[in-house]
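These protein sequences, in sequence, are chains W and Z. Each residue of the first sequence is one higher than the one before, counting from 1 in my numbering. Each residue of the second sequence is one higher than the one before, counting from 1001 in my numbering. Beta carbons are placed, not taken as given, at the ideal position from N, Cα and C, and that holds for glycine.
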Amino acid sequence: GAVVSQHPSWVICKSGTSVKIECRSLDFQATTMFWYRQFPKQSLMLMATSNEGSKATYEQGVEKDKFLINHASLTLSTLTVTSAHPEDSSFYICSATASGRTDTQYFGPGTRLTVL
Amino acid sequence: RKEVEQDPGPFNVPEGATVAFNCTYSNSASQSFFWYRQDCRKEPKLLMSVYSSGNEDGRFTAQLNRASQYISLLIRDSKLSDSATYLCVVRGTSGTYKYIFGTGTRLKVLA
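Structure representation (structure tokens):
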């Protein structure tokens, strides 16, 4: 149980385009989803916290207009990187917590974004 | 000062060795503590939660020292498959479920 999927697993795009990444909880309802970014040889950095039906809470230094987060249902959150640039190339990972089990985050397999 | 600090390593140890990692955290009100394992280009996977009384899972032992604000992980009888990055994770204070990750400690177990 508690499986989280992400799609796509990797994407290569041209500079200036927008990329959407989906995060789904497959067998549970995710009250909260988190989006992280990890650069090479660095740890995971939380970008934003997303609650179903409400606006995401962004961490300091993360541009909300550049990283659009939508959490329209209890099983799906999307992250859209708008006007992507090479410096946005990174490993994006989502996680989700289940209702009544907020202490445990279940991680998706990650999406590797390369912006040319 | 970083909220969660770890020695980045790498720790290179022979098979069968015992190795210990430490992690310190800055917020004394932190609620929960975990060790995650991350393989190259993969997502983190929960290795074990860390409880105040200390806990063991097979070859892995985790300890928490709240007074000194550090967490440790001991791996006995290291296997080649233990080679990975070990992430210390601290959950935020009450009312938030945010995880704060350390930078990770790289372990290489050598044949």
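With 16 other Cβ atoms within 10 Å as the buried cut-off, status of residue i
{"i": "Trp-10 of chain W", "result": "exposed"}
{"i": "Glu-1043 of chain Z", "result": "buried"}
{"i": "Ala-98 of chain W", "result": "buried"}
{"i": "Gln-1038 of chain Z", "result": "buried"}
{"i": "Ile-12 of chain W", "result": "exposed"}
{"i": "Leu-1107 of chain Z", "result": "buried"}
{"i": "His-85 of chain W", "result": "exposed"}
For residue i, the first and last residue of its enclosing beta strand (DSSP E)
{"i": "Lys-1045 of chain Z", "result": "1045-1050"}
{"i": "Val-4 of chain W", "result": "4-7"}
{"i": "Thr-31 of chain W", "result": "30-38"}
{"i": "Val-62 of chain W", "result": "Element bounds for Val-62 of chain W: n/a, residue is neither H nor E."}
{"i": "Glu-1056 of chain Z", "result": "1055-1057"}
{"i": "Ala-77 of chain W", "result": "Note on identity: in this sequence residue 77 of chain W is Ser, with Ala being the wrong assignment. First-last of the beta strand (DSSP E) with Ser-77 of chain W: 76-81."}
{"i": "Ala-96 of chain W", "result": "90-98"}
{"i": "Leu-1073 of chain Z", "result": "1070-1075"}
{"i": "Lys-1108 of chain Z", "result": "1105-1110"}
{"i": "Cys-23 of chain W", "result": "19-25"}
Distance cut-off 6 Å: residue i Cβ against heavy atoms of the ligand ATP
{"i": "Lys-41 of chain W", "result": "The ligand content of the structure shown is nil, which means the ligand ATP is not present either."}
Rounded separation between residue i and residue j - CA only
{"i": "Val-115 of chain W", "j": "Pro-8 of chain W", "result": "14 Å"}
{"i": "Glu-1015 of chain Z", "j": "Lys-1079 of chain Z", "result": "5 Å"}
{"i": "Ala-56 of chain W", "j": "Val-1013 of chain Z", "result": "43 Å"}
{"i": "Arg-101 of chain W", "j": "Arg-1091 of chain Z", "result": "13 Å"}
{"i": "Asn-1022 of chain Z", "j": "Tyr-1051 of chain Z", "result": "15 Å"}
{"i": "Cys-1040 of chain Z", "j": "Gly-53 of chain W", "result": "34 Å"}
Requested in this report: Check whether the segment 34-49 of chain W touches the segment 88-99 of chain W, counting contact only when three or more Cβ pairs, one atom from each stretch, lie closer than 8 Å.
Outcome: yes
Requested in this report: May I ask you to verify whether the segment 56-71 of chain W touches the segment 1020-1039 of chain Z, counting CB pairs closer than 8 Å and requiring at least 3?
Outcome: no
Query raised in the report: Which of the residues in the segment 1080-1091 of chain Z, read from start to end, lie with their CB under 8 Å from any CB of chain B?
Result: In the displayed structure, chain B is absent; the protein chains listed are W and Z.
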